Amino acid sequence: MNNNHQIETLLNNKNLDPTLRTIAAKVSNQERISFDEGVFLYENADLPYLGTLADYIRNKRHGDLTYFNRNFHIEPTNICVYDCKFCSYSRMIKQREEGWEMDVDGMMDIVKKYDGEPVTEVHITGGVVPKQNLDFYADFFRRSKAHRPDLHIKALTPVEYYYIFKKAKLSHYDGMKYMQEAGLDSMPGGGAEIFHPEVREKIAHDKCTAEQWLDIHEQAHKLGMRSNATMLYGHIEEFWHRVDHMERLRQLQDKTGGFQAFIPLKFRNKDNQMSDIPEVSVVEDLRNYAIARIYMDNFDHIKAYWAMISRNTAQLSLNFGVDDIDGTLDDTTKIYSMAGAEEQTPAMSTQQLVKLIKDVGRKPIERDTLYNVINDYTDFEFEEEVKPKFYSLPVINS
Ligand code: SF4
165 MNNNHQIETL LNNKNLDPTL RTIAAKVSNQ ERISFDEGVF LYENADLPYL GTLADYIRNK
225 RHGDLTYFNR NFHIEPTNIC VYDCKFCSYS RMIKQREEGW EMDVDGMMDI VKKYDGEPVT
285 EVHITGGVVP KQNLDFYADF FRRSKAHRPD LHIKALTPVE YYYIFKKAKL SHYDGMKYMQ
345 EAGLDSMPGG GAEIFHPEVR EKIAHDKCTA EQWLDIHEQA HKLGMRSNAT MLYGHIEEFW
405 HRVDHMERLR QLQDKTGGFQ AFIPLKFRNK DNQMSDIPEV SVVEDLRNYA IARIYMDNFD
465 HIKAYWAMIS RNTAQLSLNF GVDDIDGTLD DTTKIYSMAG AEEQTPAMST QQLVKLIKDV
525 GRKPIERDTL YNVINDYTDF EFEEEVKPKF YSLPVINS
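Note that the numbering used here has the sequence shown beginning at 165, numbered continuously upward.
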């Protein structure tokens, strides 16, 4: 049964709750759902219903295409002046012996490791330390661009920028302009966590506020840069906090149009100050992706980080609104493995990622950071076949 038939079936279901029917009609008519309807979905909608709506929207926007990119990460330090309660990654300044702190040469060594490799993006994020300041990053951006101009630099979040600009006594706009002139191309979506102060003050009390996070993205968008946005879900927040978070992003996106992808991040509970909180189920992960796809009507892409949720769940998520799977990674990030993700050495070859996407009937499209198509792998045959591994998707309303 195709997506149109599935939504018709929902609309014709006399037993469907009236609010769920109204929401389904809005989705079918490409109308925006309200804050209260978003909360209603979290509280009342089951997985098959949500999957039908989210997949309908994803299919309207992207058809059979699923995107991925070839990237590597640099995490310049895991030492951090901040004290986020959910963080499994950072070592505080006083635990310096357990940490690493790279210099610009060390970061350039990583960039040079990829010389001649067909990666298109370096993704940079990590902790916040005084030494890695404005000049440090500007120097790295310049050297990276001089060495490899075509490598897209997607670097640092408002958490780092807020700290760096404050120390350098620069406004958010002037700071972002300086970074852009040094070689910064775009910003990843991290550090957003949950915006509402009721939650933010409990889990991330000392880093940038929601307003500061949003303003730095707004300034980047004004300068023509694109960025992503995340949401850390599944801990102490209530459903309405999630909707509040998405609402703030939706409003900024109405204003600037600068966001590309929304990336829900699952709270993992290993080795952090919130380890007593159980993790949410895979069903809740999928419900959350689907509601994000339904609510964020002005975001082009919903992205899953397979390294965080496991490649199996990432594959499932493609039926619940996700159209983008990040990325080949090449075992260059520790953030998710240290938080307890199933993937302890996250690396997937392009061949494996392509296979993962093809196995659920989608067309794997390699993109660059700005979603320009680099390669369509639909009919591409790799010389050496990886062992087949099939995951079946749940069948919805058919
Ligand atoms: S989440 Fe980021 S800002 Fe917070 S403690 Fe960890 S590394 Fe530092």
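Cβ coordinates follow ideal geometry from the N, Cα and C atoms, glycine included. These numbers were taken from a predicted model, which means no experiment stands behind them.
Return the chain-ordered list of same chain residues with a C-beta closer than 7 Å to the C-beta of residue i, the five sequence neighbours on each side being excluded.
| i | result |
| --- | --- |
| Q296 | P240, T241 |
| S439 | N433 |
| L180 | L174 |
| D449 | K430, I473, T477 |
| V447 | L211 |
| F403 | V203, Y206, E207 |
| D379 | H336 |
| N166 | none |
| S481 | L450, Y453, A468 |
| R412 | F359, A374, L378 |
Does DSSP put residue i in a helix, in a strand, or in coil?
| i | result |
| --- | --- |
| T230 | strand |
| K135 | As displayed, the chain neither begins before 165 nor continues past 562, which places residue 135 out of reach and without an answer. |
| N235 | strand |
| D181 | coil |
| F199 | helix |
| F430 | One point to set straight first is that residue 430 is Lys, not Phe, in the sequence displayed. Strand, per DSSP. |
| D490 | strand |
| V518 | helix |
| N168 | helix |
| V444 | coil |
| Y535 | coil |
| K467 | strand |
| D495 | Reliability of the predicted coordinates at D495 is poor, the pLDDT of 45 falling under 50, and the value obtained from them is presented with this limitation in mind. Looking at D495 - three-state DSSP - the assignment turns out to be coil, as it is neither helix nor strand. |
| Q194 | coil |
| A511 | coil |
| Q424 | strand |
| D449 | helix |
| D543 | coil |
| L174 | helix |
For residue i, which residues of its own chain have a beta-carbon under 6 Å away from its beta-carbon, when the five flanking residues on both sides are left out?
| i | result |
| --- | --- |
| L405 | Looking at the sequence provided, one finds His at residue 405 rather than Leu. Result list for H405: I358, H360, V363, in chain order. |
| L205 | I455 |
| H381 | S391 |
| I521 | T230, P528 |
| M351 | A384, S391 |
| A332 | L298 |
| D228 | R526, K527 |
| E324 | V292 |
| E248 | It should be noted that the sequence gives Cys, not Glu, for residue 248. Within the same chain, C248 has close Cβ partners A368. |
| G263 | N242, I243, R255 |
| D490 | K467, Y469 |
Are the CB atoms of residue i and residue j nearer to each other than 8 Å?
| i | j | result |
| --- | --- | --- |
| L534 | R390 | yes |
| I458 | A218 | yes |
| N483 | V524 | yes |
| V283 | N235 | yes |
| V518 | V203 | no |
| L348 | F305 | yes |
| M460 | P428 | no |
| E285 | K318 | yes |
| F250 | I367 | yes |
| S252 | D435 | yes |
| F423 | Q417 | yes |
| F232 | V268 | no |
| V191 | Y220 | yes |
| Y453 | G485 | yes |
| I288 | L320 | yes |
Can you list, in chain order, the residues of its chain with a C-beta nearer than 8 Å to that of residue i? Leave out the 5 residues immediately preceding and following it.
| i | result |
| --- | --- |
| L387 | Y337, M340, K341, Q344 |
| A425 | G353, N392, A393, F463, D464, H465, I466, K467, D488 |
| I171 | A188, V191, S192, T216, L217, Y220 |
| R225 | D464, D487 |
Consider the Cβ of residue i: report whether some Cβ of chain D lies at a distance smaller than 8 Å.
| i | result |
| --- | --- |
| E324 | Reference to chain D is not applicable here, since this structure consists of a single protein chain. |
Discussion item. Which runs of the beta strand (DSSP E) at least 3 residues long sit entirely within the region 256-316? Give them in chain order.
Written reply: 285-288
_My parser needs the alpha helix (DSSP H) runs of 4 or more residues fully inside the region 319-406; what are they?_
322-331, 336-346, 361-367, 374-386
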